[in-house]
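Asker:
In the working numbering, the protein residues as written are 18 to 530.
(1) Check whether the Cβ atoms of residue 136 and residue 170 sit closer than 9 Å, and answer yes or no.
(2) For residue 429, which of helix, strand or coil comes out of DSSP?
(3) Is the distance from the Cβ of residue 60 to the Cβ of residue 36 below 9 Å?
(4) From the DSSP secondary-structure annotation, give me the bridge partner or partners of residue 42.
(5) Using DSSP bridges, identify the partner residues of residue 108.
(6) Are residue 205 and residue 94 closer than 9 Å when you measure CB to CB?
(7) Suppose you measure from the CA of residue 1 to the CA of residue 515; what does that come to, to the nearest Å?
(8) Since I believe residue 451 is in contact with residue 368 (beta carbons under 8 Å), could you give me their beta-carbon distance rounded to a whole number of angstroms?
(9) Could you check whether residue 182 and residue 438 sit closer than 9 Å to each other, using their CB atoms as the reference points?
(10) Is it right to say residue 241 is buried, meaning 16 or more other beta carbons lie within 10 angstroms of its own, or is it exposed?
(11) Pick helix, strand or coil for residue 476, following the three-state DSSP scheme.
(12) Compute the beta-carbon to beta-carbon distance between residue 373 and residue 301, rounded to the nearest angstrom, for a pair I have assumed lies under 8 Å.
(13) So is residue 476 buried or exposed if we call it buried at 16+ other beta carbons inside 10 Å?
(14) For residue 472, does the count of other Cβ atoms within 10 angstroms reach 16, so buried, or fall short, so exposed?
(15) Take every Cβ of the segment 208-218, pair it with every Cβ of the segment 344-352, and state whether three or more of those distances are shorter than 8 Å.
(16) May I ask you to report which of helix, strand or coil DSSP gives residue 435?
(17) Which residue from 201, 196, 176 and 200 puts its Cα closest to that of residue 190?
(18) Can you find the residues in the same chain that come closer than 8 Å, C-beta to C-beta, to residue 391, ignoring five residues on each side of it along the sequence?
(19) Report yes or no: do the segment 66-85 and the segment 143-155 share at least 3 C-beta pairs separated by less than 8 Å?
(20) Please report the distance separating the alpha-carbon of residue 434 from that of residue 348.
(21) For residue 39 and residue 210, I'd like the C-alpha separation in whole angstroms.
(22) Can you list, in chain order, the residues of its chain whose CB lies under 6 Å from that of residue 56, leaving out five sequence neighbours each side?
(23) With H, G and I counted as helix, E and B as strand and the rest as coil, what does DSSP make of residue 372?
(24) Specify the secondary structure class of residue 32 as computed by DSSP and reduced to three states.
(25) My understanding is that residue 459 touches residue 419, with C-beta atoms under 8 Å, so please give their C-beta distance in whole angstroms.
(26) Any chance the CB of residue 341 is under 8 Å from a heavy atom of the ligand PLP?
(27) Kindly confirm or deny that the segment 275-287 and the segment 326-343 touch, where touching means at least three C-beta pairs closer than 8 Å.
(28) Let's see if you can read the secondary structure: which residues bound the alpha helix (DSSP H) around residue 522?
(29) Starting from the C-beta of residue 157, find all residues in its chain whose C-beta is less than 7 Å away, skip the five residues before and the five after it, and write them out in chain order.
(30) Determine the closest residue to residue 245 out of 269, 229 and 297, with distance taken between C-alpha atoms.
(31) What are the start and end residues of the beta strand (DSSP E) that includes residue 188?
(32) For the alpha helix (DSSP H) that residue 409 lies in, which residues bound it at each end?
(33) Among 154, 220, 312 and 105, which has the Cα closest to the Cα of residue 118?
(34) Please work out which residues of its chain come closer than 7 Å, Cβ to Cβ, to residue 251, disregarding the five sequence neighbours upstream and downstream, and give them in chain order.
(35) Select from 212, 186, 268 and 32 the residue whose C-alpha is nearest the C-alpha of residue 530.
(36) If you drop the 5 nearest sequence neighbours on each side, which residues of the same chain put their C-beta closer than 7 Å to that of residue 344?
And the structure:
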């Protein structure tokens, strides 16, 4: 099994994916264990002093003015976890919870939190045992980080609350820890606060969203190329010299991808033929690289923000190398929240342009010779009429999901936390948007492959033929009389979602950008 070693300098997106989705085993480096021990010595020394130190010997948030006596501090740390584990609503996905816990461990291992090495090791042990705390949809305002979600995770470390075992069954966390031979932690000064004060949930969802969108943007370039072929469009607009004079990197990459898919096509370049006279393709076809490219450049910016956050130690207060323990605002989720919202906007626009291309394939007045709705016997058959309705409904929801969460703020903690990021909410809606975008691209694929097969006497590009063959092998059926359509669309969704479309094309085109 792949092993991820956690040190003091952060982690990588690849490691987050490996732990969250691949169940990679986690080890703490010797460097991290030494840093943890040094920071803990500083916290213990401060705890022994009579002067109050936030998070060590005081209450929290709006209650920080109370100095807590030594005999009550363990109870204080337990209580903050119990009281903050106040989430409600549906359970959050297993991969999100694993990413959340792993990224909290990343910050703990930095040596800036003051958590004992034994607590960090317990976090790693719980992940390695396949125990997943039950975390709920609602409870985070994205400042002071993802408090409620992280609190549910910390509750599991204490052997309290519910968690999902490696068999997928939800049981009391204490039972699961005992069966795995893991001793519940007894929290000491600073530790309860350190386990729940970070941007780890929204960051984990950002990292996974970027991985999913990378695959979807490549898939959208492929389906755009297939639609261009099916509409007997021109590939001349994809010439690299056209994109060089407007040098957005994403635009050039998308155009190059489409050109690679269309290489050798016998369907392109029929502009002046009597059956399909026109001067230019419609915007949804001609401007595909510009729209997808802008989304790609948005992804590049989001990936830069993610890389910085992955290298960060997010806690309050933090232990500095010179021995100071200082309060700060690094837990505010604004940097992550903004890019999560940016990605939702870009994804909505990509879904919108894909739907417009699909509609053009189905409209006999604009499809340049294709049958109405790509039906076998139009009138008797409805063809893909309602598949486009489904696509339109998905696009409409994506537009609603594109409304920024980060533009909102709602005060909390008796006005101590009077400006929040809503980054968790931005991440949750982005996940839904990505699911919808996958379905939208799948419907365009379904329509475009059918349309190409209806162009009798003309041969598609080798890459297009490879995509069609792989789709058919995956259960995405071709032209014919009306049938129960939902299973076909589900097969197309699975084909795109699992990367089957990109995998089918790249042996012909080479790696897509």
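Beta carbons: idealized from backbone N, C-alpha and C, even for Gly.
Answerer: In brief:
(1) For the purposes of this step, residue 136 is identified with residue 119 of the chain shown, where counting begins at 1. For the purposes of this step, residue 170 is identified with residue 153 of the chain shown, where counting begins at 1. The answer is no: Cβ separation not under 9 Å.
(2) The residue you call residue 429 lines up with position 412 of the chain shown. Strand at residue 429.
(3) On the chain shown, residue 60 is found 43 positions in, with the first residue counted as 1. On the chain shown, residue 36 is found 19 positions in, with the first residue counted as 1. No, these two residues do not count as a Cβ contact at 9 Å.
(4) The sequence position of residue 42 within the chain shown is 25, counting from 1. DSSP lists 20 as partners of residue 42.
(5) As a working note, residue 108 is residue 91 in the chain shown. Bridge partners of residue 108: 153.
(6) The residue given as residue 205 occupies position 188 in the chain shown. The residue given as residue 94 occupies position 77 in the chain shown. A contact, by the Cβ cut-off of 9 Å.
(7) Missing from the structure shown is residue 1; the chain here goes from 18 to 530 and no further.
(8) Translated into positions along the chain shown, residue 368 becomes position 351. Translated into positions along the chain shown, residue 451 becomes position 434. With a Cβ gap of about 10 Å, residue 368 and residue 451 do not count as contacting.
(9) Here residue 438 corresponds to residue number 421 of the chain shown, with the count starting at 1. Here residue 182 corresponds to residue number 165 of the chain shown, with the count starting at 1. Their beta carbons are not under 9 Å apart, which means residue 438 does not touch residue 182 by this criterion.
(10) As a first step, residue 241 is located in the chain shown; it is residue number 224 there, counting from the start. By the neighbour-count rule (16 or more Cβ atoms within 10 Å), residue 241 is buried.
(11) Sequence index remark: in the chain shown, residue 476 carries index 459 (1-based). Here residue 476 sits in coil by DSSP.
(12) Against the chain shown, residue 373 aligns to sequence position 356. Against the chain shown, residue 301 aligns to sequence position 284. Yes, residue 373 and residue 301 are in contact; Cβ-Cβ is about 4 Å, under 8 Å.
(13) Your numbering for residue 476 matches position 459 in the chain shown. The residue is exposed, with fewer than 16 neighbouring Cβ atoms inside 10 Å.
(14) Taking the first residue of the chain shown as 1, we reach residue 472 at position 455. Residue 472 is buried by the Cβ-count criterion.
(15) yes
(16) Position 418 of the chain shown, counted from the first residue, corresponds to residue 435. In the structure shown, residue 435 sits in coil (DSSP, three-state: anything other than H, G, I, E or B).
(17) On the chain shown, position 173 is the one that residue 190 refers to. Comparing Cα-Cα distances from residue 190 to each of 201, 196, 176 and 200, the minimum goes to 176.
(18) The residue labelled residue 391 in the question sits at position 374 within the chain shown. Excluding positions up to five away in sequence, the list reads 378, 379, 400, 401, 464, 467, 468, 471 and 496.
(19) no
(20) If you number the chain shown from 1, residue 434 lands on position 417. If you number the chain shown from 1, residue 348 lands on position 331. Residue 434 and residue 348: Cα-Cα distance of roughly 11 Å.
(21) Locating residue 39 in the chain shown gives position 22, where the first residue counts as 1. Locating residue 210 in the chain shown gives position 193, where the first residue counts as 1. Their backbone Cα atoms lie some 29 Å apart in a straight line.
(22) Start at 1 with the first residue of the chain shown, and residue 56 comes out as number 39. Excluding residues within five positions, the ones whose Cβ falls inside 6 Å are 128, 131 and 336.
(23) Start at 1 with the first residue of the chain shown, and residue 372 comes out as number 355. Residue 372: helix per DSSP, three-state reduction.
(24) Translated into positions along the chain shown, residue 32 becomes position 15. Reduced to three states, the DSSP call for residue 32 is helix.
(25) In the chain shown, residue 459 corresponds to position 442, counting from 1. In the chain shown, residue 419 corresponds to position 402, counting from 1. About 20 Å separates the two Cβ atoms, so there is no contact after all.
(26) This structure does not include the ligand PLP; it has no bound ligands of any sort.
(27) no
(28) The residue you call residue 522 lines up with position 505 of the chain shown. Element bounds for residue 522: 517-526.
(29) Translated into positions along the chain shown, residue 157 becomes position 140. Hits under 7 Å: 163, 164, 165, 166, 218 and 441.
(30) Here residue 245 corresponds to residue number 228 of the chain shown, with the count starting at 1. The candidate whose alpha carbon is nearest that of residue 245 is 297.
(31) On the chain shown, position 171 is the one that residue 188 refers to. Run containing residue 188: 187-189, per the beta strand (DSSP E) assignment.
(32) In the chain shown, residue 409 corresponds to position 392, counting from 1. Element bounds for residue 409: 402-418.
(33) By 1-based counting over the chain shown, the position of residue 118 is 101. Checked all of 154, 220, 312 and 105; the closest Cα to residue 118 is 220.
(34) Taking the first residue of the chain shown as 1, we reach residue 251 at position 234. So the qualifying residues of the chain are 285, 286, 288 and 298.
(35) Within the chain shown, numbered from 1, the residue matching residue 530 stands at position 513. Ranking 212, 186, 268 and 32 by Cα distance to residue 530 puts 268 first.
(36) Within the chain shown, the letter at position 327 stands for residue 344. Excluding sequence neighbours, residue 344 sits near 71, 333 and 334.
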